[in-house]
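Each remark here refers to the structure printed beneath this line.
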């Protein structure tokens, strides 16, 4: 029965170092966690095994000899790191490779799956703490050419911790499985010495084999002769560094020993026998080079060395003649080795591929254009380092997602990116795109070529990319229309399913015949049924239906119909209370007279209403 544990599944997943997943349709996404596509490893072996195969020196195997050569290189790199220029260069590599973006992120995670983005953000920023740890990782990779991370994997939670491993103790082993040439394992040798081995032997070691998915191997693959390991970023400066160091030491020794001025003492020995000349000369020398000193604490008499005569002078005995005793001065020798040192220093800086201005050397920078060109070239070097770093970070992310249960297309549904350090590089790309768009707009405006020609020849789009961009442009217009609807009309077409305030919407909502142009209307004008061309409508007149209070503003019609017995009107109209008021009230004689007067008024009013009605009917 097949082993279904997490570690066995991870072992099968990373047995080839190349993870291929179908992301939809005929599209495949390849995650090459070891960058094996860029190098032909089948025809290459370890450099040191190739050089020293069959030597068999002192009974040592080729593997041990190769390891010793690697260790010698690492010792050289440690010594080089103590140099001010190379140490600053390594710091600059790490600084430029781990810059924060304008959004304050060291590592940008791009994916259309929000859950995957949250998991990876938690992995890199909370578990691994990439903002703090990525800088020393990149620096060590540039220093040694290799950097190893041990991944602590939990069956339930995925990667819970990463442990940096020393390059001295880790070996990469390949070619163990003939059926699977890409199978990789790592051999970790734990060596204890000194205090750690006090209660053991003087030196003890233990070996641990780690699978491919348990180790993230950051390596600078710039030279195939160093495979399966990387080549240090400062390897090109190793020979020059040794030459420069020797030249600087020679200059220092010369300046100490030969540069100071010396004196020549010519001592007249007179008639001293030749056998006594040496004793006489030594007495004189001792008197000149030592000064008597009395110790104030003890009172002892001592002859201390005279610091004034720190350098060796010349004492020459002379005899006879008019020579006598004399002191001459011998000038110091001039040393012009600074030009040689400058030459070697320039070669060292060239091998590091870092602009001089970044290291504090301003010579050779004639203009801003020169510095800009050097900055762009340096940015390409940093991009190469970032690509190698992202390769292993992708491997770490895949291991974590697989441990979380992600498979198939979701396992590779993300993209990691680091910030490009060069603003000049970005500015040049922006300027290039600006020139292309200006050219395209000018050619379209003049009608010289078609849009498809511009897509293919200026922007280098394929047919599939052109179709995709056209679709995306249509979607942009839809989003623009949606935002304008929400802003101006307060209507979301996506939710309501209709538009508001557009000419097409108004035309579809108008009655039949409305909105049509009269036959004699001017072109481009818009007319409706209520706003047509010709004579304007007359204003409403008093007593007409179009007036503000209607045909009967005084209520004569209601009063006329108020006393009617017709069921259409009844007796509950606005003025029909008149009869009920007369019957309900008990008036006296005088009141009756008043009522009579009111009846006459009513009769006159009725005649007036009748005449008005006749006049309106005649009209």
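Residue numbers (my numbering): 48 to 666.
Each residue gets a CB set at the ideal place from its N, CA and C atoms; glycine is no exception.
Review point. Is the beta carbon of residue 174 sitting closer than 7 Å to the one on residue 164?
Key: no
Point to revise | Residues sharing a beta bridge with residue 464, DSSP | key: For residue 464, which the question treats as bridged, DSSP gives the partners 155.
Check your understanding: So residue 230 and residue 224 are in contact, right, with Cβ under 8 Å, and what is the actual spacing, rounded?
Key -> Contact flag correct, Cβ pair sits at about 4 Å.
Practice item. Starting from residue 398, follow the alpha helix (DSSP H) in both directions and report where the run begins and ends. Key: Per DSSP, the continuous alpha helix (DSSP H) segment holding residue 398 begins and ends at 385-399.
**Study point:** Beta-carbon spacing of residue 190, residue 274 below 7 Å
**Key:** no
Point to revise | Outcome for residue 651 when other beta-carbon atoms lying within 10 angstroms are tallied against a minimum of 16 | key: exposed
**Study point:** Nearest-angstrom Cβ-Cβ length linking residue 316 and residue 327, presumed shorter than 8 Å
**Key:** 6 Å
Check your understanding: Under the rule that 16 or more other beta-carbon atoms within 10 Å means buried, what is residue 237, buried or exposed?
Key -> exposed
Review point. From residue 404 to residue 392, what does the alpha carbon distance come to, in whole angstroms?
Key: 14 Å
Review point. What first and last residue would you give for the beta strand (DSSP E) that runs through residue 315?
Key: 309-315
Point to revise | Opposing strand residues paired with residue 374 [DSSP bridges] | key: 312
Practice item. Sort out for me which residues DSSP pairs residue 279 with in a bridge. Key: Looking at the DSSP assignment, residue 279 forms no beta bridge with any residue, so it has no partner.
Check your understanding: Comparing alpha-carbon positions, which option in 171, 162, 114 lies nearest residue 437?
Key -> 171
Review point. If you run the structure through DSSP and keep just helix, strand and coil, what is residue 458?
Key: helix
Practice item. Would you mind working out which of 187, 139, 149 sits nearest residue 125, comparing C-alpha positions? Key: Residue 125 has its Cα closest to that of 187, out of 187, 139, 149.
Practice item. For residue 541, name the three-state secondary structure that DSSP assigns. Key: If DSSP states are grouped into helix, strand and coil, residue 541 belongs with the helices.
Review point. Which of the three DSSP states, helix, strand or coil, is assigned to residue 274?
Key: In the three-state DSSP reduction, residue 274 falls in the coil class, being neither helix nor strand.
**Study point:** 7 Å Cβ cutoff met for residue 57 and residue 260
**Key:** yes
Practice item. Can you grab the Cα-Cα spacing for the pair residue 295 / residue 288, in whole Å? Key: Note on geometry: alpha-carbon atoms of residue 295 and residue 288 lie some 10 Å from one another.
Review point. Can you tell me whether residue 179 is buried or exposed, with buried defined as 16 or more other CB within 10 angstroms of its CB?
Key: exposed
Exercise for review: Tell me, please, whether the segment 432-450 touches the segment 262-279 by the rule of three or more beta-carbon pairs shorter than 8 Å.
Suggested key: yes
Check your understanding: If you compare alpha carbons, which of 441, 486, 398 is closest to residue 428?
Key -> Nearest C-alpha to residue 428: 398.
Check your understanding: How far does the alpha helix (DSSP H) with residue 503 in it reach, from first residue to last?
Key -> 498-504
Review point. Got a sec? Which residues, its chain only, sit under 6 Å from residue 548 by beta carbon, not counting five neighbours each side?
Key: 536
Point to revise | Inter-residue spacing [alpha-carbon to alpha-carbon] between residue 466 and residue 146 | key: Their backbone Cα atoms lie some 6 Å apart in a straight line.
Point to revise | Coarse secondary structure for residue 403, derived from DSSP in three states | key: helix
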